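Single-structure report; data block below.
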Amino acid sequence: RNTLRARVKDILRQWAYQVNVTANGNAEIIAQSGFPVNKKPTPVTEVAIPGSPVINDSNNSGTVKTRVPAVRGAHSFQYRYSTKDPVTATESDYTEVQPGSSRQVISDLTPGTNYFISCRAIGSRNTSGWSEPTMYMVR
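If you count the sequence shown from 1, position 69 lands on 726 in my numbering, and the numbers rise without skipping.
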C-alpha cells in the first residue's frame, strides 16, 4: 500500500513538472491543469511606520522598557526621546537610541520628568518615518 502511494506521488510530481515546462510561465495554462497554484510571494518594498510605543516602568529608577508591535519587513527598530512637546520640538531636541529589537530598555532618564518617546522601523530597503510619540513620566 505504501509502495503504491509513493508511486502515485512520484507520477503526480512528474506530471506537475511536465505541466510547468509546457506552460512556460503561463499562469492560465497552469491554473487550467487542475493542479493547485501557489500565490507568488510579494516582496516588501517599504516598511510601515510602527504604532506608538508602549512604555512600562523597569526595576531601576530612570529606566523604562519600550515595545512596539512587529512591522512586516523590519529587521530592527530605533527609538528616540525628548522632554519637549513634539509639536514644538526640533530634530536636535531628540536623543536617539542605538537601533535594536522592537523591545528596548532606555536608561539614564531623569525621574519625575515627562518624556515623549517615538520609534521607527528599519528594513533592508528603507527606514520608516517616526511613530506618533507616547508621553510617559519616568519614575
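Heads up, the beta-carbon is just placed ideally off N, CA and C, and yes, glycines get one too. These figures come from a predicted structure and were not determined experimentally.
Cβ-based burial, Q675 [other Cβ within 10 Å; buried from 16]: Around the beta-carbon of Q675, fewer than 16 other beta-carbon atoms lie within 10 Å, marking it exposed.
Selected residue, minimal CA-CA separation from T767, among W787, S749, T784 and M794: M794
Distance CB(V721)-CB(D714) smaller than 9 Å: yes
Proximity winner among T770, A778 and G708, relative to Q755 (alpha-carbon distances): A778
T784, DSSP secondary structure in three states: strand
Classification of P707 by the beta-carbon crowding that lies within 10 angstroms, buried from 16 upward: buried
Beta carbon of S776 nearer than 9 Å to that of P710: Ser is not the amino acid found at residue 776; the sequence shown has Cys there. Yes, the Cβ-Cβ distance between C776 and P710 is below 9 Å.
Test item: CB-CB of T723 and V762 under 9 Å: yes
For M666, the first and last residue of its enclosing alpha helix (DSSP H): Note that residue 666 is Lys in the sequence shown, not Met. Note, K666: alpha helix (DSSP H), N659 to A680.
Residues near R796 by beta carbon distance below 7 Å, same chain, minus five either side: D714, S718 and P768
V694 beta carbon less than 9 Å from that of G730: no
Test: E753 CB closer than 9 Å to a CB of chain D: Looking for chain D here will not work: only one protein chain is present.
Counted within 10 angstroms of its Cβ, other Cβ atoms place V744 as buried (16 or more) or exposed: exposed
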